[in-house]
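This report concerns only the one structure given below.
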Ligand SMILES: Nc1ncnc2c1ncn2[C@@H]1O[C@H](COP(=O)(O)OP(=O)(O)OP(=O)(O)O)[C@@H](O)[C@H]1O
Ligand SMILES: [Mg+2]
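Residue numbers (the numbering used here), protein chains in the order written: chain A, 59 to 396; chain B, 15 to 454.
Right, here's the structure in full:
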């Protein structure tokens, strides 16, 4: 009887430890020997593995426990559950900013020698280590015979002029389900009115709404979609079917998302966490060798058209209850046309 | 004292600048917070009887435009929380259109602004309350910067006032220094009034200094007069005593009585010599005070003096020879110069031995006239040669020879008054050599 109770308690402990929803998890190095550096991240293991390998080459004794979760779950893990993670990595700049703003992040100052652009750090808490532009992913097959649109205006014209060809073949994020989609949409709308016109035009073409970029890319590859709007170029570039589509960073402006990192106050191992953060920054700036920086499209794009999302309390505006409700209502009005 | 008050003013300046600037920094932060709160309030409208708020992007982003700041806000309708941070503190009573408060939230010091407006909703009149708060990173930074600046201002003021004070003190003190200098450069008997120009503030000082010197002068000459008077009054009775003693000597038979009378005569001689020299000294002091500047034919004056001494030298079987007297003219008081020569010759006669000769020479070199008096006597004792110019100092070699010890003192005073000096030395062979040097 006692054994049964004990095992039930053990089982509970093991599971209660992560009440938030985990997508994936990997441990690099010997977990039993060292206290691991615990990272919770929105990025796939395969995406982040190169930088972990680089760090472990530099500090071989360090064990890294890497947990993947969605951006809202990452937020929950820290803000609600106070999980003792050492590093929080997320592409949701708004949620990362909110974590820091609401007092869940630890301040950290990188070594004085570290050259860091102003836009890459907020309040000594949130540090950006990638720049990832969003663009159009265009199916080469379905655009056969048409000029490839280079900006939003041209995309609007192409869609308007060929409603039959594009009916049911345009895709974008469902901003009600995707945090990244919502962030891109709000920043798009803030940058230009063209966003609303484009959304309305897509609305007339019976668009497919997606939760995730990978599914959108898959559908472009298998011929379901002619154009996917607001897809991270860094994802699309990794597709094995690179020849099936063209990635366009719109020449009017491209929203650039920054992937960010912070050390939560709940960290048990803040010194190691700071070392890891400094290591990643040193790999990234001023023109680093970080394996995460290899986004081809970013190098080709005209610098003046890149519209970097800026960290700061401005991002909290779109998390406001009323703001979000109004924005989504307006978006639904435009895209869901019955 | 000056230092202390300058430091006091500097500190006051620092505190004033600091507090004024802090207030300005605080006001500019408050203005931004108020602008933010009002922009949110302005975005509120009533849609179908319900409040709807469309937060402008700039309402929160403006809080962060210069320095990274954490920002918090809360939107409440009457007491019902609508959006933002539910536990953000509230400002108690809205007494103004916009109210400010410094408080803490999530363990951070914050500054908060709240603003209110009434709306008519379905439930009737309601107050919409917008509160916006931000952390103090920027404020603290600018206060630290202001602190540095006002510290620099205070310190700069302190330095400047030090320099100014020093310059002022210098210019006030300089005439005083000049006065001190001119007084301390004077000779010991120079009691003329001070004539150096001084600033009017110092005129009373100079006046009282001058009056002190006049009084000093008066009392000095009074005591000299007194000495001369006393010497004069002593001399006549002395002369009578001496004559009487000589008369007595002739009459006394007994050898021991004669010896006593002889000693008495010697003592009387000594005293009257002293009285005579004191009288001379007083005369010298008087005449040097306002020295006559006549042209003196020095060689002639020497011959004249030697001749005057002839009776005494003859008495001692001593010959005074003048040798190679160069014709020389100097400026001065002939009575004093003669007195000096006479004293030196008198010594030579007194301290040499019988049947020797004394040589007096006069020549010129380097714009100076030198009178040299050489004898063949016992010479000066080297160990005491420095003392002999002092008053009443006599040498060991003067045993049994009548004198007062004032002779060379008088010579020295006369020489100094004429801008010259006396040098005592011994000849290579034997005898003393006294040199008197006058500027030409
Ligand atoms: N020519 C000299 N040879 C040796 N000693 C001398 C000679 N002239 C002066 N002195 C020494 O110097 C001393 C001081 O001389 P000074 O003329 O001042 O005094 P005095 O001759 O003793 O007295 P006074 O001249 O007043 O009668 C003398 O006592 C004597 O010892
Ligand atoms: Mg003498």
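A virtual CB, placed ideally from N, CA and C, is assigned to each residue, including glycine. Note that this is a predicted model, so its numbers are computed, not measured.
Review point. Taking the DSSP output, what are the residues bridged to residue 287 of chain A?
Key: On the first chain, residue 287 of chain A is found 229 positions in, with the first residue counted as 1. In the DSSP output, where bridge partners are listed per residue, residue 287 of chain A has A:194, A:230.
Tell me the DSSP secondary structure of residue 295 of chain B in three-state form.
Here residue 295 of chain B is taken as the residue at index 281 of the second chain, counted from 1. DSSP places residue 295 of chain B in helix when its eight states are reduced to three.
**Study point:** Nearest-angstrom beta carbon gap, residue 298 of chain B and residue 326 of chain B [assumed within contact, 8 Å]
**Key:** In the second chain, counting from the first residue as 1, residue 326 of chain B sits at position 312. In the second chain, counting from the first residue as 1, residue 298 of chain B sits at position 284. About 21 Å; that fails the 8 Å criterion.
TODO: Decide if residue 371 of chain A is buried, meaning its Cβ has at least 16 other Cβ atoms within 10 Å, or exposed.
DONE: As a working note, residue 371 of chain A is residue 313 in the first chain. Buried, by the Cβ-count rule.
Entirely enclosed beta strand (DSSP E) segments - the stretch 419 to 454 of chain B, minimum 3 residues
435 to 440, 446 to 453
Which of helix, strand or coil DSSP assigns to residue 315 of chain A:
Within the first chain, numbered from 1, the residue matching residue 315 of chain A stands at position 257. Strand at residue 315 of chain A.
Against chain B, does residue 64 of chain A count as a neighbour if the rule is that its beta carbon must be under 9 Å from one of theirs? As a first step, residue 64 of chain A must be located in the first chain, where it is residue number 6. At residue 64 of chain A, the pLDDT of 45 sits below 50, so the modelled position is not reliable and the matter cannot be decided from this model.
Q | Beta-carbon contacts of residue 246 of chain A that lie in its chain and below 8 Å, excluding the five residues immediately before and after | A | As a first step, residue 246 of chain A must be located in the first chain, where it is residue number 188. Cβ within range, chain order: 253, 288, 313.
message: Please enumerate, following chain order, all residues with a beta carbon closer than 6 Å to at least one heavy atom belonging to ligand 2.
response: B:357, B:360, B:361, B:417, B:421
Hey, residue 338 of chain A and residue 187 of chain A are a contact pair by Cβ (cut 8 Å); roughly how many whole angstroms apart?
-> Mapped onto the first chain, residue 338 of chain A falls at position 280. Mapped onto the first chain, residue 187 of chain A falls at position 129. The Cβ separation is near 5 Å, so the contact holds.
*Is the number of C-beta pairs between the stretch 276 to 288 of chain B and the stretch 313 to 333 of chain B that are closer than 8 Å three or more?*
no
### Query
From residue 403 of chain B to residue 229 of chain B, what distance separates their C-alpha atoms?
One-based indexing of the second chain puts residue 403 of chain B at position 389. One-based indexing of the second chain puts residue 229 of chain B at position 215. Straight-line Cα distance between these residues: approximately 29 Å.
**Residue nearest to residue 291 of chain A in terms of C-alpha spacing, selected from A:226, A:364, A:162** = Residue numbering aside, residue 291 of chain A sits at position 233 when the first chain is read from its first letter. Among A:226, A:364, A:162, the Cα nearest to that of residue 291 of chain A is on A:364.
Please classify residue 271 of chain B as buried or exposed, where buried requires at least 16 neighbouring CB atoms within 10 angstroms. For the purposes of this step, residue 271 of chain B is taken as the residue at position 257 of the second chain. With fewer than 16 Cβ atoms within 10 Å of its Cβ, residue 271 of chain B is classed as exposed.
Requested in this report: With DSSP collapsed to three states, give me the class of residue 246 of chain B.
Outcome: As a first step, residue 246 of chain B must be located in the second chain, where it is residue number 232. In this structure, residue 246 of chain B counts as helix in the three-state DSSP scheme.
Closer than 9 Å, CB to CB, is residue 131 of chain B near chain A or not? On the second chain, position 117 is the one that residue 131 of chain B refers to. Chain A contact via Cβ: absent.
- Query: When DSSP labels each residue in this structure, what does residue 216 of chain B get in the three-state scheme?
  - Reply: Reading the second chain from its first residue, position 202 is the one you call residue 216 of chain B. Helix.
request  = Please find out if some non-hydrogen atom of ligand 1 comes closer than 8 Å to the beta-carbon of residue 298 of chain B.
outcome  = For the purposes of this step, residue 298 of chain B is taken as the residue at position 284 of the second chain. Not so, every heavy atom of ligand 1 lies at least 8 Å from the Cβ.
Using the beta-carbon count (16 or more within 10 Å), is residue 379 of chain A buried or exposed? Within the first chain, the letter at position 321 stands for residue 379 of chain A. When all chains shown are included, residue 379 of chain A counts as exposed.
- Query: Is it the case that the CB of residue 389 of chain B approaches a heavy atom of ligand 1 more closely than 8 Å?
  - Reply: Mapped onto the second chain, residue 389 of chain B falls at position 375. For ligand 1, at least one heavy atom lies less than 8 Å from the Cβ of residue 389 of chain B.
Any chain B beta carbon closer than 9 Å to residue 375 of chain A: For this step, residue 375 of chain A is matched to residue 317 along the first chain. Yes - at least one Cβ of chain B is within 9 Å of the one on residue 375 of chain A.
message: Am I right that residue 238 of chain A and residue 149 of chain A are in contact with their C-beta atoms under 8 Å? What's the rounded C-beta distance?
response: Within the first chain, residue 238 of chain A is the residue found at index 180, counting from 1. Within the first chain, residue 149 of chain A is the residue found at index 91, counting from 1. Sure, about 6 Å apart at Cβ, within 8 Å.
Please report the straight-line C-alpha distance between residue 46 of chain B and residue 158 of chain A, rounded to a whole angstrom. Within the second chain, numbered from 1, the residue matching residue 46 of chain B stands at position 32. Within the first chain, numbered from 1, the residue matching residue 158 of chain A stands at position 100. C-alpha separation (whole angstroms): 22 Å.
Worksheet item: In this structure, does DSSP put residue 64 of chain A in helix, strand or coil?
Response: Position 6 of the first chain, counting from 1, holds the residue named residue 64 of chain A. Any reading at residue 64 of chain A must be qualified, since the residue scores a pLDDT of 45, below 50, and its modelled position is unreliable; the value itself is stated next. In this structure, residue 64 of chain A counts as helix in the three-state DSSP scheme.
Next on the checklist: Count Cβ pairs between the stretch 128 to 145 of chain A and the stretch 178 to 187 of chain A that sit closer than 8 Å; are there 3 or more?
Outcome noted: no
Requested in this report: Using only alpha-carbon positions, find the residue among B:428, B:42, B:336 that is nearest to residue 300 of chain B.
Outcome: Taking the second chain and counting its residues from 1, one reaches residue 300 of chain B at position 286. Of the listed residues, the one whose Cα sits closest to residue 300 of chain B is B:428.
Self-check item: beta strand (DSSP E) runs contained entirely in the stretch 167 to 212 of chain A, provided each spans 3 or more residues
Solution: 184 to 197
Per-residue contacts from residue 381 of chain A into chain B (C-beta, under 7 Å): Numbered from its first residue, the first chain carries residue 381 of chain A at position 323. What residue 381 of chain A touches in chain B: 68, 69.
- Please report the residue range of the alpha helix (DSSP H) in which residue 260 of chain A lies. On the first chain, position 202 is the one that residue 260 of chain A refers to. First-last of the alpha helix (DSSP H) with residue 260 of chain A: 252 to 262.
Could you pull the DSSP bridge partners for residue 301 of chain A from this structure?
Position 243 of the first chain, counting from 1, holds the residue named residue 301 of chain A. Residue 301 of chain A pairs with nothing; no bridge assigned.
What in chain A is Cβ-close to residue 77 of chain B, meaning under 8 Å? For this step, residue 77 of chain B is matched to residue 63 along the second chain. Under the 8 Å cutoff, chain A gives 371.
Per DSSP, residue 86 of chain A forms a beta bridge with which residues? Looking up residue 86 of chain A in the first chain gives position 28. DSSP output for residue 86 of chain A lists A:122 as bridge partner(s).
request  = Could you check what DSSP says for residue 343 of chain B in three-state terms: helix, strand or coil?
outcome  = By 1-based counting over the second chain, the position of residue 343 of chain B is 329. Note: residue 343 of chain B maps to strand in three-state DSSP.
Q) Near residue 90 of chain B, what residues of its chain come up, given a Cβ to Cβ distance below 7 Å and the 5 sequence neighbours on each side ignored? A) By 1-based counting over the second chain, the position of residue 90 of chain B is 76. Excluding positions up to five away in sequence, the list reads 96, 143.
Q: Leaving out five residues on either side along the sequence, give the residues of the same chain with a beta carbon under 8 Å from the beta carbon of residue 360 of chain B.
A: If you number the second chain from 1, residue 360 of chain B lands on position 346. Around residue 360 of chain B: 323, 326, 421.
Exercise. Between residue 432 of chain B and residue 312 of chain B, what straight-line distance do the alpha-carbon atoms span, to the nearest angstrom?
Worked result: Counted from its first residue, the second chain places residue 432 of chain B at position 418. Counted from its first residue, the second chain places residue 312 of chain B at position 298. Approximately 13 Å between the Cα atoms of the pair.
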